[in-house]
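Working notes, beginning with the structure itself.
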DNA sequence: TAAAAAAGTTATATTAATCTAACATTTTTT
DNA sequence: AAAAAATGTTAGATTAATATAACTTTTTTA
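Chains as they are written, first to last, in the numbering used here: chain A, 84 to 219; chain B, 84 to 219.
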């Protein structure tokens with residue numbers, strides 16, 4: 084288990100996120116589902132899973148299901164949270180089209196810092212409260 | 084000249100942006116300046132310049148200066164504009180620290196869509212006008 | 001102006017992420 | 001339960017971006 088606390092690549096983050104999503108929607112994640120979702124080949128998924136397993140982020144028994152470790156799940160949740168915040172900001176505050184907002188968020192979720200995310204969350208909250216005030 | 088209108092990689096965009104910046108600040112750009120700025124080796128710069136020259140975005144005479152073509156300059160300006168808008172939003176509206184804002188913007192400038200950028204510019208303008216109103 | 005230093009280039013290697021093709025295992029169907 | 005289909009794995013290739021090391025050209029300096 085390669086446990087140096089280095090940042091994951093965007094690609095590996097996407098694998099974690101996808102596995103978490105599949106578990107949420109289908110209860111289980113299989114290689115085939117992941118490759119379909121990410122539009123890559125099974126062989127690519129396999130290689131990525133080996134890397135992630137090596138880092139202690141996924142569990143993958145040969146020919147079996149794919150699961151996230153606690154740490155892997157935490158990372159996936161973190162990225163999903165970033166995506167959700169970005170999508171909300173883009174659609175509800177900027178008025179960006181849903182599809183474009185999602186596409187942008189899925190790329191930016193890998194690069195926004197925790198500091199900027201925190202400020203963005205605060206800002207969204209503030210704008211929301213101002214909006215309510217006006218409606219009263 | 085490989086003139087398929089495909090999107091550039093983040094790395095190549097960074098080279099264009101850096102060359103544009105050096106031209107702006109120093110009048111000229113040299114391999115050494117680019118490598119220093121991007122923290123890569125001269126040999127890496129060379130390879131990138133060959134790729135960019137092949138795409139008709141830079142001009143690079145052997146052992147000579149590096150310049151941008153009109154198209155290369157246009158792309159560089161576009162990326163720089165995205166960076167400026169993002170930095171402005173992060174610092175002036177969200178209140179993010181200057182250094183972190185710049186770091187985030189330098190990554191996100193490669194992924195934000197034109198649509199989202201346009202909405203963000205509009206939003207910044209609107210917030211600015213509201214701010215002025217209050218001050219009156 | 002010749003030697004030394006700096007800058008630039010080329011050849012070769014490495015890493016990450018992907019692919020295709022061949023092979024292995026599991027699941028489904030008849 | 002045997003054959004066929006689906007799924008998963010492995011081996012080997014490719015592409016992009018980088019590095020190191022050796023080499024070339026240009027610039028500086030003594």
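Every residue gets a Cβ at the ideal spot worked out from N, C-alpha and C, and that includes glycine.
Values in this document were obtained by computation on a predicted structure and should not be read as measured data.
Listed in chain order, the non-local C-beta contacts of residue 95(B) below 7 Å within the same chain comprise 131, 134 and 135, local neighbours out to five positions each way being set aside. For the pair residue 195(B) and residue 187(A), the CB atoms are nearer than the 9 Å cut-off. Under the criterion of beta carbons closer than 8 Å, residue 102(B) and residue 141(B) qualify as touching, at roughly 7 Å.
Nearest C-alpha to residue 205(B) among 119(A), 161(A) and 177(A): 177(A). Ranked by Cα distance from residue 138(B), the options 190(B), 203(B), 92(B) and 210(B) are led by 92(B). By the neighbour-count criterion, in which a residue is buried when 16 or more other Cβ atoms sit within 10 angstroms of its Cβ, residue 155(A) is buried. Under DSSP, residue 141(A) forms a beta bridge with 151(A). Listed along chain B is no residue with a C-beta nearer than 7 Å to that of residue 94(A); the closest approach is about 13 Å.
Taking 9 Å as the threshold, the shortest C-beta distance from residue 168(B) to chain A does not fall below it.
Cβ proximity to chain A below 7 Å picks out nothing from the region 97-114 of chain B. The C-beta of residue 161(A) comes no closer than 9 Å to any C-beta of chain B. Of the residues assessed, residue 167(B) falls on the exposed side of the cut-off, its CB having fewer than 16 other CB atoms within 10 angstroms. Within 10 angstroms of the beta-carbon of residue 116(B) lie 16 or more other beta-carbons, which makes it buried.
The straight-line gap separating the alpha-carbon atoms of residue 109(B) and residue 147(A) is approximately 59 Å.
Excluding the 5 residues flanking it on each side, residue 128(A) has same chain C-beta neighbours closer than 7 Å at 114, 117 and 118, in chain order.
In terms of beta-carbon proximity, residue 190(B) lines the interface with chain A, with at least one pair separated by less than 9 Å. Going by DSSP, residue 112(A) is part of no alpha helix (DSSP H) at all; its letter is neither H nor E. Within its own chain, the residues whose Cβ lies closer than 7 Å to the Cβ of residue 165(A), once the five positions on either side in sequence are excluded, are 192, 195 and 200, listed in chain order.
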